[in-house]
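The listed protein sequences derive, respectively, from chains A and B. Those letters in the first sequence? Residues 1 to 114, by this note's numbering. Those letters in the second sequence? Residues 1001 to 1110, by this note's numbering.
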Amino acid sequence: DAGVIQSPRHEVTEMGQEVTLRCKPISGHNSLFWYRQTMMRGLELLIYFNNNVPIDDSGMPEDRFSAKMPNASFSTLKIQPSEPRDSAVYFCASRMTGANTEAFFGQGTRLTVV
Amino acid sequence: SQQGEEDPQALSIQEGENATMNCSYKTSINNLQWYRQNSGRGLVHLILIRSNEREKHSGRLRVTLDTSKKSSSLLITASRAADTASYFCATDATGNQFYFGTGTSLTVIP
Chain A
1 DAGVIQSPRH EVTEMGQEVT LRCKPISGHN SLFWYRQTMM RGLELLIYFN NNVPIDDSGM
61 PEDRFSAKMP NASFSTLKIQ PSEPRDSAVY FCASRMTGAN TEAFFGQGTR LTVV
Chain B
1001 SQQGEEDPQA LSIQEGENAT MNCSYKTSIN NLQWYRQNSG RGLVHLILIR SNEREKHSGR
1061 LRVTLDTSKK SSSLLITASR AADTASYFCA TDATGNQFYF GTGTSLTVIP
């Protein structure tokens, strides 16, 4: 397996534009997590899915953020409209649901909103 | 952070020395895991310790867990320059939330 795949690796966009980040989890993994990493706030859990269903989105910062998982092999995180304070590295991770399993991370998407 | 804190925030040691970093967390857990992040990369899993375990070893890594104090420590023995990275603890909570601590930035000087 190629691991968790995120795209794009880098995204530079203007304030007010819509941004869509994509993630392909490892085949067979049924839990998927979206994290945001900044120097100020560290690694924040934004939302996680179990069997394609959003379980906890309490970490999503505001209504401008939305996430979907239409099937077991694809998830998106959308920011509309984007703001400079959304600049961060966004990570997707997946794992098998159940006790005592490790998470596998993608390489992240570095988002810069100017 | 959403779950806990790590200390120290930064640690600088000479090659060959041991490095110890600590993690405190807030809620009940199924297990606690440690991850490593090289600059600009994703996180990589190092070791997992279950809530009913007190100590675990893997190569040069030693992890302890004290659930009564809600704390864990990671010891890297005989450090190498290649160990330079950020280290994060992650708590696997009962609701399947997976929260990370604030991280420790380790620099090993050759």
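Backbone N, C-alpha and C define an ideal beta-carbon position, used for all residues, glycine too.
**Item:** Short CB-CB distance (under 9 Å) between A/F74 and chain B
**Value:** In the first sequence, the residue the question calls residue 74 of chain A occupies position 74. By this cut-off, A/F74 is not an interface position.
**Prompt:** Taking 9 Å as the CB-CB cut-off, is A/F65 touching chain B?
**Reply:** Looking up residue 65 of chain A in the first sequence gives position 65. At a cut-off of 9 Å between C-beta atoms, A/F65 does not count as an interface residue with respect to chain B.
**Item:** Whole-angstrom C-beta distance between A/Q17 and A/S82, which should lie under 8 Å
**Value:** Position 82 of the first sequence, counted from the start, is the residue given in the question as residue 82 of chain A. Position 17 of the first sequence, counted from the start, is the residue given in the question as residue 17 of chain A. That belief holds up - the Cβ atoms of A/S82 and A/Q17 are roughly 6 Å apart, short of 8 Å.
**Request:** Mind checking who B/S1073 pairs with in its DSSP beta bridge?
**Result:** One-based indexing of the second sequence puts residue 1073 of chain B at position 73. According to DSSP, which records beta bridges pairwise, B/S1073 is partnered with B/N1022 and B/T1064.
**Prompt:** What span of residues does the beta strand (DSSP E) with B/H1057 cover, start to end?
**Reply:** As a first step, residue 1057 of chain B is located in the second sequence; it is residue number 57 there, counting from the start. Per DSSP, B/H1057 belongs to the beta strand (DSSP E) from E1055 to S1058.
**Message:** Here's the rule I'm using: 16 or more other beta-carbon atoms within 10 Å means buried, otherwise exposed. How should A/M15 be labelled?
**Reply:** Mapped onto the first sequence, residue 15 of chain A falls at position 15. By the 10 Å Cβ count, A/M15 comes out exposed.
**Prompt:** If you run the structure through DSSP and keep just helix, strand and coil, what is A/A103?
**Reply:** As a first step, residue 103 of chain A is located in the first sequence; it is residue number 103 there, counting from the start. Coil.
**Message:** For the stretch 1092 to 1107 of chain B, list every residue whose C-beta sits within 8 Å of some C-beta in chain A, in sequence order.
**Reply:** Residues of the stretch 1092 to 1107 of chain B that bring their beta carbon within less than 8 Å of a beta carbon in chain A comprise D1092, G1095, N1096, Q1097, F1098, Y1099, F1100, G1101, T1102 and G1103, in sequence order.
**Asked** Going by alpha carbons, who is nearest to A/E11 out of A/A88, A/F105, A/M96 and A/P54?
**Response** The count along the first sequence starts at 1 and reaches residue 11 of chain A at position 11. Of the candidates A/A88, A/F105, A/M96 and A/P54, the one whose C-alpha sits nearest the C-alpha of A/E11 is A/A88.
**Message:** Using CA atoms only, rank isn't needed, just tell me which of B/G1040, B/L1065 and B/R1060 is closest to B/R1054.
**Reply:** For the purposes of this step, residue 1054 of chain B is identified with residue 54 of the second sequence, where counting begins at 1. When each option's Cα is compared against that of B/R1054, the closest is B/L1065.
**Request:** Could you tell me which of B/W1034, B/E1005 and B/C1023 sits nearest to B/S1072, measuring between CA atoms?
**Result:** Position 72 of the second sequence, counted from the first residue, corresponds to residue 1072 of chain B. Nearest C-alpha to B/S1072: B/C1023.
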